[in-house]
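Working notes for the structure below.
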Amino acid sequence: MRRLTTSAPDPPVTTTVPGRSASKTSAGEESSPLVEFARAGLWPGLPRAAIPKLAAAGITGPDDVTAARLIGLPGIGPATANKAMTALADRIDTYDVAVVLHECGLPLRPSVRLAKELGPGAGQALRGNPWRLLLLDGQALEEADRLAASLGFRRDNPQRGPAVLGHLLQRCAAAGHTAWPESELARQAADRGVPDPAAAVREAVDSGAVIRSDDLLALVRYAEAEEALAEGLARLAATAEPWEPAAAAKGKKSTKVSASSVEIALRDLDDTQRDAIELALSHGVSLLTGGPGTGKSRTVAALVAAAQARGKSVALAAPTGRAAKRLEELSDAPASTLHRLLGAQGTSGIFARDADWPLEADLVVVDETSMLDTELAAALVEACADGTHLLLVGDPAQLPSIGAGRVLGDLLEAKAFPTTELRTLYRHDAGGSIAVLASQVREGVLPAVDDPTREVVVVPGRSSAEATHRVLQLVTDSIPRALGIEAADVQVITPIHRGPAGTQALNAALKGVLNPGKGAHRGFDPGDRVVALANRTDVGFTNGEVGVVLGAGEGGGLRVAFTAGPVDVPRDAVPDLTLGFAITVHRAQGSEWPAVVMVLPPEGTVMLSRPLVYTAMTRAQRHLSVVTAVGAALARAVAAVDAQPRTTRLGAMLGELVPVP
């Protein structure tokens, strides 16, 4: 690694790199790769005011960086200079990647992720195979081809074929698939200029980047996750022993719940709910499903009491902070997000809890498991020790996970583990009309809504602009005035980001009336509602969590109140937050609010499906307003078959590993 010195300044030296070594700034002057690197925010610790002065100080490359040259630039004293030098030294591989991208005019922001993916010597590795740019999710093939051409590579280079296959499989994963048919991948590769797709497949498989299973191909990360998940579930099913009755467990451990309390809890359940508890106590893996208002939470609460009466330790978790908080309140037992339970290590995808340090719980209950993707589910099962009882609770009618896989759907279809489906609708007093509407939508029926209680209101609109106007009326006036629900407890949900009634436009409009301001703190103002775009358990929030900005934090960060409490969000994590007055249905999944305004603009018609509509409706606890400008398309979406199916291998694996009960 290059070393940065703190010696006296050398005479200014202008350094260049092959190819496009400099670009023009808005003022027309030449800009070095290092200046563009800093301007892109990739040089931590360097004040932005100092960036335009780097060239004048003789700093055009890392070898030019000395304390003497830095000190005296705007905002830089001795301490800041040392901090900036250390930060650049730590990111020298990122800089080398940025130089390669800079040469052909590509954006530099992917440099951090690409350097992490490629490891030491990342810049040289990218020069040797420019199609490694496709290792990043969401990277365009056209940009990789452009980079390759600028470095002198031909499109028929043998390195391109396997990279294109990996790129296609990443696109499949982004759509939820963990695998894809080999013949279809070969056809798509040929369409993208791969001269010999069969040879590309062989090379990708031989390299270990792709796994072949029968006629399916899968990226190794998803193949290994599905294998680990299937094997882990089979292990739990084989090693768990049925638990003895509560009375027989007395005296073995101190218990939090008396047998009489358990009897009272069980007395309030129906036979199906009691059967679910018995299955969870008797089997290593079991499933509990049902729609809103069918008593899933009440069943889980009784199960927790039954397990504790037997002296068993319990761990409760859900994918989101709001869902975990609700589970904790209803079960009268501590609950956390699944990422916190497993000890997620920042955004690395690595968890502290694993086979070497498993969870210290006899019973693990996870709610909202329709949101579980394959990799997170595999991490969960790996962290469960032999003999652990695992109960997965969820509603298969909701949207599937954002990540690749359809874990809950595959487990239900495989019929490999005992399953209880709750059908009886109990929620009448609190959320009755919402639950009734949702149960009918769940079955593919969109009834006419005529609710004198105004728990459910349908507001038709003729355009996106009119829909947005209705949303503002509902949030700022109608719902608070007529129902006594404050605007702070109303969540707006829409299927799309762009357009007049997408999250971007709605957030701007809602902020303008609910919390106007110029974004004084990193683009936000105190009182702004924000939503997390990534899992940052190292900071204190998870993807989809909604919070409220309290004010500025240390070092240019933010202080945000999330469900679990206030969190100091450092400056580098602020980009993982965005305004959350309006959020997408996918981000809303796993959370509930006292009131929800569900917006269906014409631009979102193509995204409508029964799971999406059902998921949006079931986010509301006390009131649901449906602002629809899609006409008959809503009824058609509800009546149609479910959303696009996903191609996975989990069901087939379970069929081989776990005998059907």
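Numbered by the numbering used here, the letters in the sequence shown go through residues 2 to 662 in order. Backbone N, C-alpha and C define an ideal beta-carbon position, used for all residues, glycine too. Source: prediction; values computed, not measured.
1) Could you tell me which whole beta strand (DSSP E) segments of length 3 or greater appear in the stretch 284-344?
2) Buried or exposed: Ala277, going by 16 or more other Cβ atoms within 10 Å of its Cβ?
3) Looking only at its chain, what residues have a beta carbon closer than 7 Å to the beta carbon of Ser255, apart from the 5 residues adjacent to it on each side?
4) Would you decide whether Arg188 is buried or exposed? Buried here means 16 or more other CB atoms lie within 10 Å of its CB.
5) Can you look up Leu655 in the DSSP assignment and give me helix, strand or coil?
6) Counting along the chain, where does the alpha helix (DSSP H) carrying Ser184 start and finish?
7) With a threshold of 7 Å on Cβ separation, who are the neighbours of Ser27 within its own chain once the five nearest residues in sequence on each side are excluded?
8) Quick one: which unbroken alpha helix (DSSP H) runs of 4-plus residues sit fully inside the stretch 478-505? Chain order, please.
9) So the candidates are Pro335, Ala334, Asp355; which of them puts its Cα closest to the Cα of Leu343?
10) Using a 10 Å radius around the Cβ and a threshold of 16 neighbouring Cβ atoms, would you call Leu655 buried or exposed?
11) Does DSSP put Val586 in a helix, a strand or coil?
12) To the nearest angstrom, how far is the alpha carbon of Ala633 from that of Leu447?
13) Roughly how many angstroms lie between the CA atoms of Asp216 and Leu186, to the nearest whole one?
14) Using the C-alpha atoms, what's the distance from Val586 back to Val597?
15) Over what stretch of residues does the alpha helix (DSSP H) that includes Thr87 continue unbroken?
16) Hey, how far is the Cα of Ala69 from the Cα of Leu55?
17) Looking at the structure shown, is Gly528 part of a helix, part of a strand, or coil, going by DSSP?
18) Distance, Cα to Cα, Ala180 vs Pro571?
19) State the beta-bridge partners of Phe697 as determined by DSSP.
20) At the 8 Å Cβ level, is Asp569 part of the contact set with chain C, yes or no?
21) Please work out which residues of its chain come closer than 7 Å, Cβ to Cβ, to Ala51, disregarding the five sequence neighbours upstream and downstream, and give them in chain order.
22) Could you tell me which residues DSSP pairs with Ser465 in its beta bridges?
23) For Ala39, which residues from the same chain have a beta carbon less than 6 Å from its beta carbon, with the 5 sequence-adjacent residues on both sides left out?
24) Pro419 to Ala235, Cα distance in whole Å?
25) Out of Thr564, Asp451, Gly520, point me to the one whose CA is closest to Gly558's CA.
26) If you measure between the beta carbons of Gly359 and Ala384, is that distance less than 8 Å?
27) Would you mind reading off the limits of the alpha helix (DSSP H) that contains Gly167?
28) To the nearest whole angstrom, what separates the beta carbons of Thr389 and Tyr223, a pair I think is in contact under 8 Å?
29) Beta carbon of Thr629, beta carbon of Pro461: below 8 Å?
30) Which one of Leu658, Thr648, Leu170 has the shortest CA to CA distance from Gly410?
31) Which residues bound the alpha helix (DSSP H) around Gln125?
32) Taking the DSSP output, what are the residues bridged to Arg637?
33) So, helix, strand or coil for Val366, using DSSP?
34) Of all the options Val394, Ala362, Asp396, Ala439, which has the alpha carbon lying nearest to the alpha carbon of Gln622?
35) Can you list, in chain order, the residues of its chain with a C-beta nearer than 8 Å to that of Ala210? Leave out the 5 residues immediately preceding and following it.
36) Kindly identify the DSSP beta-bridge partner or partners of Phe542.
Let me lay it out:
1) 286-291, 315-319, 336-338
2) Translated into the one-based positions of the sequence shown, residue 277 becomes position 276. Result: buried.
3) Here residue 255 refers to the residue found at position 254 when the sequence shown is read from its first residue. Any reading at Ser255 is ruled out, since the residue's pLDDT is 46, under 50, leaving its predicted position unreliable.
4) By 1-based counting over the sequence shown, the position of residue 188 is 187. Under this definition Arg188 is an exposed residue.
5) Mapped onto the sequence shown, residue 655 falls at position 654. DSSP places Leu655 in helix when its eight states are reduced to three.
6) In the sequence shown, residue 184 corresponds to position 183, counting from 1. Looking at the DSSP string, the run of the alpha helix (DSSP H) that includes Ser184 is 183-192.
7) Counted from its first residue, the sequence shown places residue 27 at position 26. Summary for Ser27: the model assigns pLDDT 43, below 50, so the residue's position carries little reliability, and this model does not support an answer.
8) 480-484
9) Position 342 of the sequence shown, counting from 1, holds the residue named residue 343. For Leu343, the nearest C-alpha among the options comes from Asp355.
10) Reading the sequence shown from its first residue, position 654 is the one you call residue 655. So Leu655 counts as buried.
11) Here residue 586 refers to the residue found at position 585 of the sequence shown. Helix.
12) Residue mapping note: residue 633 aligns to position 632 of the sequence shown, counting from 1. Residue mapping note: residue 447 aligns to position 446 of the sequence shown, counting from 1. Distance between the alpha carbons of Ala633 and Leu447: 11 Å.
13) Working through the sequence shown from its first residue, we reach residue 216 at position 215. Working through the sequence shown from its first residue, we reach residue 186 at position 185. Cα-Cα distance, rounded: 11 Å.
14) On the sequence shown, residue 597 is found 596 positions in, with the first residue counted as 1. On the sequence shown, residue 586 is found 585 positions in, with the first residue counted as 1. Those two C-alpha atoms are separated by around 11 Å.
15) As a working note, residue 87 is residue 86 in the sequence shown. Taken as a continuous stretch (DSSP letters only), the alpha helix (DSSP H) holding Thr87 covers 79-91.
16) Here the question's residue 69 lines up with position 68 in the sequence shown. Here the question's residue 55 lines up with position 54 in the sequence shown. In a straight line, the C-alpha of Ala69 is about 12 Å away from that of Leu55.
17) As a working mapping, residue 528 is identified with position 527 in the sequence shown. Of the three classes helix, strand and coil, the one that applies to Gly528 here is coil, per DSSP.
18) Sequence index remark: in the sequence shown, residue 180 carries index 179 (1-based). Sequence index remark: in the sequence shown, residue 571 carries index 570 (1-based). Approximately 37 Å between the Cα atoms of the pair.
19) Outside the displayed range of the chain (2 to 662) lies residue 697, so it cannot be described from this structure.
20) The chain inventory of the structure shown lacks chain C, comprising one protein chain alone.
21) Reading the sequence shown from its first residue, position 50 is the one you call residue 51. So the qualifying residues of the chain are Leu74, Pro75, Gly76, Ile77.
22) Locating residue 465 in the sequence shown gives position 464, counting from the first residue. Ser465 pairs with nothing; no bridge assigned.
23) For the purposes of this step, residue 39 is identified with residue 38 of the sequence shown, where counting begins at 1. Once the five neighbours on either side are set aside, the close Cβ partners of Ala39 are Leu47, Ile52.
24) Against the sequence shown, residue 419 aligns to sequence position 418. Against the sequence shown, residue 235 aligns to sequence position 234. Those two C-alpha atoms are separated by around 13 Å.
25) Within the sequence shown, numbered from 1, the residue matching residue 558 stands at position 557. Considering only alpha carbons, the answer is Gly520.
26) What you label residue 359 is simply residue 358 of the sequence shown in a count that begins at 1. What you label residue 384 is simply residue 383 of the sequence shown in a count that begins at 1. Strictly speaking, residue 359 in this sequence is Pro, with Gly absent from that position. Yes, the pair counts as a contact, with Cβ atoms nearer than the cut-off.
27) Counted from its first residue, the sequence shown places residue 167 at position 166. Residues 161-175.
28) Residue mapping note: residue 389 aligns to position 388 of the sequence shown, counting from 1. Residue mapping note: residue 223 aligns to position 222 of the sequence shown, counting from 1. Not a contact, Cβ separation roughly 24 Å.
29) Taking the sequence shown and counting its residues from 1, the one referred to as residue 629 is at position 628. Taking the sequence shown and counting its residues from 1, the one referred to as residue 461 is at position 460. Result yes, Cβ atoms of Thr629 and Pro461 sit closer than 8 Å.
30) If you number the sequence shown from 1, residue 410 lands on position 409. Minimum Cα distance to Gly410 is reached at Thr648.
31) One-based indexing of the sequence shown puts residue 125 at position 124. That run of the alpha helix (DSSP H) goes 123-129.
32) Here residue 637 is taken as the residue at index 636 of the sequence shown, counted from 1. DSSP, once it has assigned bridges, lists no residue as partnering Arg637.
33) Locating residue 366 in the sequence shown gives position 365, where the first residue counts as 1. Three-state result, Val366: strand.
34) Numbered from its first residue, the sequence shown carries residue 622 at position 621. Ranking Val394, Ala362, Asp396, Ala439 by Cα distance to Gln622 puts Ala439 first.
35) Numbered from 1 along the sequence shown, position 209 holds the residue referred to as residue 210. Once the five neighbours on either side are set aside, the close Cβ partners of Ala210 are Pro163, Gly167, Leu220, Val221.
36) Looking up residue 542 in the sequence shown gives position 541. BP columns for Phe542 point to Arg537.
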